[in-house]
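Below is one structure, written out as structure tokens; comments come after it.
There are 2 protein chains.
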Amino acid sequence: MSLVSIMEKSTCSCENCQLRSLFFSHVSMDELNNICDIKIEKQYSKGESITNEGERIHEFLYMKEGLVKLSKTDIDGKDQILSFSKPFDFVSLLSVFSSDKYKYSVTAIEDTTVCILDLEVVKKFAQQNAMFTMDLMSSISEATDKILLDNLAIKRKHLKGRIAHVLLYFSDYIYKKDEFELPISRREIAEYIGMTTENVIRTLSEFRKDNIIKIFGKDILIADKKRLRSISEFG
Amino acid sequence: MSLVSIMEKSTCSCENCQLRSLFFSHVSMDELNNICDIKIEKQYSKGESITNEGERIHEFLYMKEGLVKLSKTDIDGKDQILSFSKPFDFVSLLSVFSSDKYKYSVTAIEDTTVCILDLEVVKKFAQQNAMFTMDLMSSISEATDKILLDNLAIKRKHLKGRIAHVLLYFSDYIYKKDEFELPISRREIAEYIGMTTENVIRTLSEFRKDNIIKIFGKDILIADKKRLRSISEFG
DNA sequence: ATTATGCTGTGATAATTATCATAAACCCCT
DNA sequence: AGGGGTTTATGATAATTATCACAGCATAAT
Chain R
1 MSLVSIMEKS TCSCENCQLR SLFFSHVSMD ELNNICDIKI EKQYSKGESI TNEGERIHEF
61 LYMKEGLVKL SKTDIDGKDQ ILSFSKPFDF VSLLSVFSSD KYKYSVTAIE DTTVCILDLE
121 VVKKFAQQNA MFTMDLMSSI SEATDKILLD NLAIKRKHLK GRIAHVLLYF SDYIYKKDEF
181 ELPISRREIA EYIGMTTENV IRTLSEFRKD NIIKIFGKDI LIADKKRLRS ISEFG
Chain Y
1001 MSLVSIMEKS TCSCENCQLR SLFFSHVSMD ELNNICDIKI EKQYSKGESI TNEGERIHEF
1061 LYMKEGLVKL SKTDIDGKDQ ILSFSKPFDF VSLLSVFSSD KYKYSVTAIE DTTVCILDLE
1121 VVKKFAQQNA MFTMDLMSSI SEATDKILLD NLAIKRKHLK GRIAHVLLYF SDYIYKKDEF
1181 ELPISRREIA EYIGMTTENV IRTLSEFRKD NIIKIFGKDI LIADKKRLRS ISEFG
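Residue numbers (the numbering used here), protein chains in the order written: chain R, 1 to 235; chain Y, 1001 to 1235.
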């Protein structure tokens, strides 16, 4: 490795980060460098826990890369999945400014890179830079709205429509491909749509028998998207 | 009416407003007076529409008094109720900073008083006063979190548990009494919990037959709260 | 007053979903 | 390579919820 590349690694590269536009667009270069100097980038492998419900919030974090799930465990130990998030759909921020404890757990469902800032530093910064705070608020608001709308959409559908919804979500929104590897188990789909694991499996099998999808374990190929969309809307 | 009381009416009274603490605690007296001078207080009768899904957002509004429902109409014209809000549980703010159009409708389900500020003025103000913006963000975040948590709680319950949940919500959280007038119809309960109107009615009748509640039209008396709580948790 | 409309209420039946049981396939661990 | 656990899978049956049908009642509109 050349000296140059070592130096590049040790200096901050935030100015080129695609996420800059999200809430750093009204932050000056100097300020950005200050933030950058204290940020830590952390990698999580698929399956690893990023934050845990109930834990104290010390950090402000945002996703740079990857895919995560937001979930909550009820008294019986059963999990409910609130949403999935990719970069630009925010994560940690939900309760960050209204609670001192995480109300949801965040878990990587694909290898994920997270940028970590000390929460107190961010808060102090936010108190001094209103434009930054407004951008942050817009992001939070948009992300939360997305979750609420998605939950409403799922709520008004039956089992088949919900499964179709989830498949289309990953196909259209996350992977932008008709063939993809499901990043979650059938049980997690169930936890997300509020139905039982057996019925998720059964419905997927049914879609397979009807030649709407092909299944190879976790690999899904959507063969008849038109039909799947119609099921998602009316089924 | 004496001259004094007329003057009191014509001058701003925001400094005594109980909502001041919400997001005006870091606003100076001078600034507050400026805001106060431009604010309009508006009354809505039970049933009146406050904002409509799809309409352009021109105003920043917050509830001073009353009770409202947040709802969304789907393609078939069927309504879904997202949440109910009283003062301190925010309302208009949800999409205000991330969209130029309302994503939900807000309707008074009890006589409601709303304070209205021009959105551009509030935005400009927010850009200059970071502490105000942070307080605002906390409020939005808290209110939205409440909605998400409530929706999750409902999602994991069956019909009876959901009805019990709604009754306890109004009894414990809104009216803080065991006897109250339901501010919404059976159909609206159904729209909120995602079940049919018939089943809502049937379940209420069942609760009545089991001496858990008494029903006089819209008036509900919770006779056995312990039992209702147990149904809400486990039923 | 009178129709119209919507809300409340109940029953019978159909559709949907959950539960329980069982088994093969897969992954992890040592 | 061989348990031990989890995931996927399928079937039978039970429980839950929706749909349809109908009726009384209240309220609003004309």
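Quick reminder that beta carbons are idealized off the backbone N, C-alpha and C, glycines included.
Out of the options, state which residue places its alpha-carbon closest to the alpha-carbon of residue i.
i, options, result
"Y:L1152", "R:N129, R:E48, R:Y104", "R:Y104"
"Y:G1217", "Y:S1205, Y:G1194, Y:T1113, Y:P1087", "Y:S1205"
"Y:K1157", "Y:R1229, Y:E1015, Y:C1115, Y:V1106", "Y:R1229"
"Y:D1037", "Y:S1013, Y:K1069, Y:M1134", "Y:S1013"
"R:R162", "R:Q128, R:E65, R:F207, R:S141", "R:F207"
"Y:E1191", "Y:I1154, Y:I1174, Y:D1172", "Y:I1154"
"Y:L1117", "Y:M1063, Y:S1098, Y:F1234, Y:K1160", "Y:M1063"
"R:I81", "R:D30, R:L148, R:D172", "R:L148"
"Y:D1111", "Y:G1047, Y:L1032, Y:N1199", "Y:G1047"
"Y:V1068", "Y:A1223, Y:I1174, Y:S1232", "Y:I1174"
"R:M195", "R:S185, R:F84, R:L159, R:K176", "R:L159"
Does DSSP put residue i in a helix, a strand or coil?
i, result
"R:I6", "Bear in mind that a pLDDT of 36 at R:I6, under 50, signals an unreliable position, so the number given afterwards is only what the model happens to contain. Looking at R:I6 - three-state DSSP - the assignment turns out to be helix."
"R:E48", "coil"
"Y:A1108", "strand"
"R:Q43", "strand"
"R:R156", "coil"
"R:Q68", "The sequence shown places Val at residue 68 of chain R, rather than the Gln named in the question. Correct three-state label for R:V68: strand."
"Y:C1017", "coil"
"Y:Y1062", "strand"
"R:I184", "coil"
"R:K209", "helix"
"R:S139", "helix"
"Y:S1025", "coil"
"Y:F1088", "coil"
"Y:E1179", "strand"
"Y:S1098", "coil"
"Y:R1123", "Looking at the sequence provided, one finds Lys at residue 1123 of chain Y rather than Arg. Helix."
"R:I220", "strand"
"R:I38", "helix"
"R:K146", "helix"
Going along the chain, which residues of its own chain have a beta-carbon closer than 7 Å to the beta-carbon of residue i, five neighbours each way excluded?
i, result
"Y:L1221", "D1178, E1179, I1213, K1214"
"R:S28", "none"
"Y:E1065", "P1087, T1112, T1113"
"Y:T1197", "R1186, R1187, A1190"
"Y:C1115", "K1039, E1041, L1061, Y1062, K1064"
Exposed or buried, what is residue i when buried is set at 16 or more other beta-carbons lying within 10 Å of its beta-carbon?
i, result
"R:H165", "buried"
"Y:I1050", "buried"
"R:I40", "exposed"
"R:R20", "exposed"
"R:R77", "One point to set straight first is that residue 77 of chain R is Gly, not Arg, in the sequence displayed. With fewer than 16 Cβ atoms within 10 Å of its Cβ, R:G77 is classed as exposed."
"Y:K1124", "exposed"
"R:D100", "exposed"
"R:I6", "With a pLDDT of 36 at R:I6, under the threshold of 50, the predicted position of this residue should be treated as unreliable, and no value is reported."
"Y:G1054", "exposed"
"Y:I1109", "buried"
"Y:T1107", "buried"
"R:F234", "exposed"
"R:I193", "buried"
"Y:T1203", "buried"
"Y:I1075", "exposed"
"R:K226", "exposed"
"Y:V1004", "A caution first: Y:V1004 carries a pLDDT of 39, below 50, which makes its placement in the model unreliable, though a value can still be read off. It is exposed - the Cβ of Y:V1004 has fewer than 16 other Cβ atoms within 10 Å."
"Y:N1016", "exposed"
"Y:K1072", "buried"
"Y:S1171", "buried"
CB-CB under 8 Å to residue i, same chain, minus the five flanking residues each way: which ones, in chain order?
i, result
"R:S139", "L22, F23, F90, L93"
"R:V96", "I57, F60, L119"
In chain order, what residues of the same chain have a beta carbon less than 6 Å from the beta carbon of residue i, not counting five sequence neighbours either side?
i, result
"Y:Q1043", "T1113"
"Y:S1045", "D1111"
"R:S2", "Caution applies to R:S2, whose pLDDT of 41 falls short of 50 and renders its modelled position unreliable; the value that the coordinates give is listed next. Cβ within range, chain order: n/a, list empty."
"Y:T1133", "A1126"
Below 7 Å, is the gap between the Cβ of residue i and the nearest heavy atom of the ligand COA?
i, result
"Y:G1235", "Absent from the structure shown: the ligand COA. Ligands present: none."
### Query
Listed from N- to C-terminal order along the chain, which residues in the stretch 95-120 of chain R have their beta-carbon within a distance smaller than 8 Å of any beta-carbon of chain Y?
When C-beta distances to chain Y are compared with 8 Å, the residues of the stretch 95-120 of chain R below that value are S95, V96, F97, S98, S99, K103, in chain order.
### Task
Could you list the residues in the stretch 143-161 of chain R with a C-beta less than 8 Å from some C-beta on chain Y, going in chain order?
Per Cβ criterion, the list reads T144, D145, I147, L148, L149, N151, L152, K155, R156.
#### Entry: Contact set between the stretch 56-70 of chain R and chain Y, restricted to residues whose Cβ is under 9 Å from the partner
Among the residues of the stretch 56-70 of chain R, none has a Cβ less than 9 Å away from any Cβ of chain Y.
### Query
Taking Cβ-Cβ distances below 8 Å as the criterion, which residues of the stretch 1025-1047 of chain Y are in contact with chain R?
Those residues of the stretch 1025-1047 of chain Y that come within reach of chain R (Cβ to Cβ, closer than 8 Å) do not exist; the list is empty.
### Task
Check each residue of the stretch 126-144 of chain R: if its Cβ is closer than 9 Å to any Cβ of chain Y, include it; give the result in chain order.
Residues of the stretch 126-144 of chain R whose Cβ lies closer than 9 Å to any Cβ of chain Y, in chain order: A126, Q127, Q128, N129, A130, M131, F132, T133, M134, L136, M137, S138, S139, I140, S141, E142, A143, T144.
### chain Y contacts made by the stretch 191-205 of chain R, where a contact means CB separation under 9 Å
Cβ contacts with chain Y come from G194.
### Task
Report the residues of the stretch 161-176 of chain R with a CB closer than 8 Å to any CB of chain Y, ordered along the chain.
Under the 8 Å Cβ criterion, the stretch 161-176 of chain R contributes no residue.
#### Entry: Under 9 Å (Cβ pairs) to chain R, residues found in the stretch 1218-1234 of chain Y
Answer in chain order: E1233.
### Chain-ordered residues of the stretch 70-82 of chain R with a beta carbon less than 7 Å from chain Y
Contact residues of the stretch 70-82 of chain R toward chain Y are K72, D74, Q80, L82 (C-beta to C-beta distance below 7 Å).
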